[in-house]
Structures are given as structure tokens and as C-alpha cells.
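Since the structure comes first, as C-alpha cells, the remarks are kept for the end.
There are 2 protein chains.
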Amino acid sequence: MTNQSKMKVYQEVLNQIRQFIEEQELKDGDRLPSERELSEQLNASRASIREALRAVELLGLIETRHGEGTFLRTYKPYHSVELLSTFVLREVKTKDELLEVKFLLEQVCLNQLFADDQWDYLQFKDLSFNSNDIQTDLFLRLFEDYGNRLLLKIWHLVTGFVETVDPKEGSNVRYEELLKLISQRQYNQALDYHASLYENQCS
Amino acid sequence: MTNQSKMKVYQEVLNQIRQFIEEQELKDGDRLPSERELSEQLNASRASIREALRAVELLGLIETRHGEGTFLRTYKPYHSVELLSTFVLREVKTKDELLEVKFLLEQVCLNQLFADDQWDYLQFKDLSFNSNDIQTDLFLRLFEDYGNRLLLKIWHLVTGFVETVDPKEGSNVRYEELLKLISQRQYNQALDYHASLYENQCS
DNA sequence: TTCCGAAAATGGTCTGACCACTAATCGAAT
DNA sequence: ATTCGATTAGTGGTCAGACCATTTTCGGAA
Numbered sequence: 001m002t003n004q005s006k007m008k009v010y011q012e013v014l015n016q017i018r019q020f021i022e023e024q025e026l027k028d029g030d031r032l033p034s035e036r037e038l039s040e041q042l043n044a045s046r047a048s049i050r051e052a053l054r055a056v057e058l059l060g061l062i063e064t065r066h067g068e069g070t071f072l073r074t075y076k077p078y079h080s081v082e083l084l085s086t087f088v089l090r091e092v093k094t095k096d097e098l099l100e101v102k103f104l105l106e107q108v109c110l111n112q113l114f115a116d117d118q119w120d121y122l123q124f125k126d127l128s129f130n131s132n133d134i135q136t137d138l139f140l141r142l143f144e145d146y147g148n149r150l151l152l153k154i155w156h157l158v159t160g161f162v163e164t165v166d167p168k169e170g171s172n173v174r175y176e177e178l179l180k181l182i183s184q185r186q187y188n189q190a191l192d193y194h195a196s197l198y199e200n201q202c203s
Numbered sequence: 001m002t003n004q005s006k007m008k009v010y011q012e013v014l015n016q017i018r019q020f021i022e023e024q025e026l027k028d029g030d031r032l033p034s035e036r037e038l039s040e041q042l043n044a045s046r047a048s049i050r051e052a053l054r055a056v057e058l059l060g061l062i063e064t065r066h067g068e069g070t071f072l073r074t075y076k077p078y079h080s081v082e083l084l085s086t087f088v089l090r091e092v093k094t095k096d097e098l099l100e101v102k103f104l105l106e107q108v109c110l111n112q113l114f115a116d117d118q119w120d121y122l123q124f125k126d127l128s129f130n131s132n133d134i135q136t137d138l139f140l141r142l143f144e145d146y147g148n149r150l151l152l153k154i155w156h157l158v159t160g161f162v163e164t165v166d167p168k169e170g171s172n173v174r175y176e177e178l179l180k181l182i183s184q185r186q187y188n189q190a191l192d193y194h195a196s197l198y199e200n201q202c203s
């Protein structure tokens, strides 16, 4: 009671919505009740409902389609990220910091995988990515292999930020090389090579 | 024009606000124009202004004080983070992942600092933190020393998430020990000790 | 049955109102 | 003149209702 009373409506709404999602076991892609329904059921004005929804929409957690409805979304940062980045990165002026964090996250991932004897490095042997963005696909795969979804999310987000600052100078060749080193279990050289990829870009 | 036309009003508002912040060189703690002012200046309804503001408020980037105004936030993630966490972490069920990321981030920070010959480890010699949360204060200091503000932000955010899941079992003594090892330049032992702190907590 | 247009449902936006809280202002008592 | 209190103006918090644009649905016409 004491807690809720000072809580803003839109925050309480957010709580309720989350609860609803859990109870109904909604999954990515599922549709949420309409704003008007939520308004009735949660006893809040539509404006408040919308404030709540816009907040999570900006985060890329839901997706709204005009005339259709509001849907849970498989978290894809690349959407409103630009907007966010300009806010979040107010003080993080230099893209150096951004690249450094991206590098460190990737390094952590590589280190952890390389340290795991169980890890199947051979799967990368004959792997070729269709897309024209090998870098992203490769690390997406690596992070998924590592299995920590949160780390993957953070990396994804940071990578998204980087894109807004520095539109991909797609040197795919370099990452082919990294892929090759990994599949040959040349771990130390892979790490060195990975590091060298970033040394050039930083100040 | 083509871009803006499909952009939602609240997103455009967000853009304008960011621009305003840059032009006016507003810093943390500074006050933004009132919702009504923004409404006039940006040619949008107050509702749309609010949708934009609520979104960044949820992120902890601004702070609104009833009767006073809206302020750029002096960097404290711990606010609405709980709300966010329940959404963001929908799939990240286990607190293990959370703790692991926190651990990895801290480890990265330690590694980087230890590798830097210039780093003044002696500053931690006679350091004692007033607060009752040595863990946070210590790493806050370490991350600041490292100098990558983005990494600090991420760590802070993750730490905030951890708190919502696992209200601090404040074993300050342990971090006193870590502090001691660092100030004595027992880097390897510090790293081991730091790792041991997390081994207990994971499944 | 197929196809098309009207109707319903939904998100997008705006207006205006009222409440609650805060801080500045003004005025009276000292 | 100073102090303290009440008034007032400014601000965020919330709501109700309206209208538009888009999508889906559904029933009637071919």
C-alpha cells in the first residue's frame, strides 16, 4: 500500500502488464490487449496506458502496429536505438569508449569459450554466413554458444550504438580470418588478431 | 521529410529535446523546459511530450519532480530499474546469468587496471569507505579509475538488476579483503579472490 | 464461391480540464 | 525592517473524450 500510493500510474500499469504477460504466458510475437481494453481492466486512462507502453516500446520490448495492436517483441535493439543512444551517450562522447566496450565484451566471450574444453570449435570449420555482415553473425553465434543471453543482449545493444556513430566499415575479410583461426583452434592467435582489429580504430 | 513523416510524434519530440540539450549544453541536474513550454515550442500536444518524457524517465535519464519540473538526471540507475528488469529479463530467468555478467564486468575492469603500470594501486592503501556498501563503492572507484564511463554505466545497471533479484547479502568483510589485496599489489590473488566470491553464489 | 465495400477495432494525436505538489510572492503582525 | 503565514502562480499527474489513419472483419452483391 505504502509502496503503490507513491507509485505513478504508468509504473503501476507497467507492473500489471508484466504480471499479465506472466500469467498468460505470452511469448514473443503474441498480442497484448488493446489500449482501450487495458484502460478498462487496469482502471487507468488510456493516456496513462500509452505512457507505459511508449516507454517499453522505446526499449524495443514491444512493437505497436497501427490498426493491428501491440505485440511482444523479440528483442531487436536496432530500432529506436539511435534515439536512445543520443541520450545514453550524452557524456560518452568519444566513440572510443564505445568500441572499447564492444571489444572487451567480445574478448570476454572468446576467452570464456576458449577456456571451455567442451566447446565445439569445429562447428566453425565449414561455416559460412549468408549475410553480408559476417562480423555480427559470427559474434552472434559465439555469444549464443557461450549461452549467457544477458551478455549477448548487452553486446547487441552496444553494437547497435556503434552503428549509429560509425556506419560499418565492413571489412568482412578480416572476420573471415578470425573465423578461420577459431576453427583451427589457434586460440591465442585468434585473440591477438581480434585485438589487432580494434587497435587500428582507436585513437 | 520522408523520414520524419513516418516517425511518431513522441520520437520526433525526443529528437528535438536531445537537440535542445546539446544546444543549451545542459548538464546533469539542469532543468528542462516545462511540459507546457515544450508543447508550445515543439508544436506537439502535452500528451505526446509526456509519452516522450516517460520513456526516457523509465531509463533513468531524466527525473521528474512533482511541482518542480523535469531534470536531467544525475546518474543514478537504481530508480525505475526494477520495472525495467522485469521486462528486460523476461527470458533471463536465472539470476546466475546476471551475477555472471556482473562478475565478468568486474573482472575485465580489474584485469585492465592491473595491466596498467601507470595505475596507482597505492591510493587504495588507507582508503576506507564511509558507506555501508563497500562492494559498490569499491567498484565504483575502480571503474572510474579505469575511465570508461560506458562500462561503468553498464556495470551500474547490471548491479541494479542484481539488487532487485537478490537483495544484497552484504558481506562487506569480503570486500575489505579484496581491497587489501589490491592495495598490496597482490593482483593474481585479488583476481582469484574476486572469482571465489562469485563461485559460492552461483548454482 | 468470390470479391468488394462498409463497419468495427485499433493505434496516433490533440484538447481541455482538474488535481496535487512546490516555490515564489505578498501582506500582516511583530 | 523583519518575520512568518497565507495566497498564488507554475509545474507535473491524471483523466475524459474527441477525431484521424490504418488494418481487419464481415456481410452483401456479383
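Residue numbers (my numbering), protein chains in the order written: chain A, 1 to 203; chain B, 1 to 203. Note that the Cβ used here is the ideal one computed from N, Cα and C, for glycine as well. None of the values given here were measured: they were computed from a predicted structure.
Check: Would you verify that the beta carbon of Ala-55(B) is, or is not, closer than 8 Å to some beta carbon of chain A?; Outcome: yes
Check: Could you name the residues of chain A that Glu-51(B) contacts, counting a contact when the two beta carbons are closer than 7 Å?; Outcome: Arg-50, Glu-51 and Arg-54
Check: State the Cα-Cα distance for the pair Tyr-187(A) and Ala-115(A), rounded to the nearest angstrom.; Outcome: 10 Å
Check: When you check each C-beta in the stretch 148 to 159 of chain A against every C-beta of chain B, which residues fall closer than 7 Å?; Outcome: Asn-148, Arg-149, Leu-150, Leu-151 and Ile-154
Check: Between Lys-125(B), Leu-151(B), Tyr-146(B) and Phe-143(B), which has its C-alpha nearest Glu-177(B)'s C-alpha?; Outcome: Lys-125(B)
Check: Can you tell me whether Arg-31(B) is helix, strand or coil according to DSSP?; Outcome: strand
Check: Does chain B have any CB closer than 8 Å to the CB of Val-162(A)?; Outcome: no
Check: Where does Leu-197(B) fall in DSSP's three states?; Outcome: helix
Check: Can you round the beta-carbon distance between Leu-72(A) and Leu-32(A) to whole angstroms, since I take them to be within the 8 Å contact cut?; Outcome: 7 Å
Check: Have a look at Glu-51(A), His-156(A) and Arg-36(A) and flag the residue whose alpha-carbon is nearest the alpha-carbon of Gln-11(A).; Outcome: Glu-51(A)
Check: How long is the line joining the alpha carbons of Gln-19(A) and Gln-24(B), rounded to whole angstroms?; Outcome: 41 Å
Check: Just the C-alpha distance for Arg-185(A) and Thr-64(A), rounded to the nearest angstrom, thanks.; Outcome: 45 Å
Check: By the 7 Å beta-carbon criterion, what residues does the stretch 102 to 136 of chain B contribute toward chain A?; Outcome: Leu-104 and Val-108
Check: Assuming Leu-138(B) is part of the alpha helix (DSSP H), what are its boundary residues?; Outcome: 134 to 146
Check: Among residues of its own chain, excluding the 5 on either side of Leu-26(A), which ones have a beta-carbon nearer than 6 Å to its beta-carbon?; Outcome: Leu-72
Check: Short of 9 Å Cβ to Cβ, which residues in the stretch 177 to 203 of chain A face chain B?; Outcome: none
Check: May I ask you to list the residues that DSSP assigns as paired with Ile-62(B)?; Outcome: Leu-72(B)
Check: Need the endpoints of the alpha helix (DSSP H) that Asp-96(A) sits in, please.; Outcome: 95 to 114
Check: Take the Cβ of Val-173(B) as the centre, count every other Cβ of all protein chains shown within 10 Å, and call the residue buried at 16 or more, exposed below.; Outcome: exposed
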